[in-house]
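J.: First the structure, then my questions, so here it is.
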Amino acid sequence: MEFSSKLLETAVSEMSQLPGIGKRTALRLVLHLLRQPETQTAHLVKALGELRADIKFCKTCHNISDIDICDICNNPNRNREIICVVEDVRDVMAIESTGQYRGLYHVLGGKISPLDGIGPHELTIGPLIEKVKNGEVKELIFALSATMEGDTTNFYMYKQLEGVSIKTSTIARGIGVNDELEYADEVTLGRSIRNRIPFENALKG
Numbered sequence: 001m002e003f004s005s006k007l008l009e010t011a012v013s014e015m016s017q018l019p020g021i022g023k024r025t026a027l028r029l030v031l032h033l034l035r036q037p038e039t040q041t042a043h044l045v046k047a048l049g050e051l052r053a054d055i056k057f058c059k060t061c062h063n064i065s066d067i068d069i070c071d072i073c074n075n076p077n078r079n080r081e082i083i084c085v086v087e088d089v090r091d092v093m094a095i096e097s098t099g100q101y102r103g104l105y106h107v108l109g110g111k112i113s114p115l116d117g118i119g120p121h122e123l124t125i126g127p128l129i130e131k132v133k134n135g136e137v138k139e140l141i142f143a144l145s146a147t148m149e150g151d152t153t154n155f156y157m158y159k160q161l162e163g164v165s166i167k168t169s170t171i172a173r174g175i176g177v178n179d180e181l182e183y184a185d186e187v188t189l190g191r192s193i194r195n196r197i198p199f200e201n202a203l204k205g
């Protein structure tokens, strides 16, 4: 792809680093921004700058937040005896949109994947185990994607909790194998949360 401007080439190169954005799509987006009023581009740059500078991760659940403890963890009406374990913030948003869950969350920041160099210590599994051992948690819901990496992560957490008196469950398999949680429709995801099954039953499947 030939560029008539180094500034344009640099902008396209940076935009194409985003997931799912190829060079042609990046060029289309950059040209679109050039056609917009300068204030609109300035607002976008300002929003991204503030995001990078000011975003926080909840000290309790590791969800993305504007404050040290996120609104969900701060909500006194949430059931503090249940924690839903998810991969990232997109899964929190997906489950919240169902309106079927009123417990708390724990965001792992990914899933165990040796091929990608991601082991248990790259995730927030340790703080989760400590939270369970030290707190009032009665149930953990494993709500990771139905993939080999998701199942491996679930099993690792389950083994770490051996000897701990806590109920472990997993979302019902209304979510197809190899499906990512964030792409599930709200009705299916809501039913999967409501109809969750004991994790040890999932091991037998």
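The numbering of the sequence shown is this note's numbering, which starts it at 1 and goes up by one.
Every residue, glycine too, gets a C-beta built ideally from N, C-alpha and C.
#1: In chain order, which continuous runs of the alpha helix (DSSP H) of length 4 or greater are located wholly inside the segment 11-35?
#2: Where does N178 sit, in a helix, a strand or coil, going by DSSP?
#3: So V107 and C73 are supposed to be a Cβ contact under 8 Å. How far apart are they, rounded?
#4: What is the DSSP secondary structure of L44, reduced to helix, strand or coil?
#5: Under three-state DSSP, which class holds V86?
#6: Give a yes or no on whether the minimum CB-CB distance between Q17 and chain D is below 7 Å.
#7: Taking all protein chains shown into account, do 16 or more other C-beta atoms lie within 10 angstroms of the C-beta of T141, making it buried, or fewer, making it exposed?
#8: Considering just the uninterrupted stretch of the alpha helix (DSSP H) at I129, what are its terminal residues?
T.: In this structure, then:
#1: 23-35
#2: Reliability fails at N178, whose pLDDT of 47 lies under 50, so the model's placement of it is uncertain and the value that follows must be treated cautiously. N178: coil per DSSP, three-state reduction.
#3: Not confirmed; about 11 Å, so no contact.
#4: helix
#5: strand
#6: Reference to chain D is not applicable here, since this structure consists of a single protein chain.
#7: The amino acid at residue 141 is misidentified as Thr; the sequence shows Ile. By the 10 Å Cβ count, I141 comes out buried.
#8: 125-134
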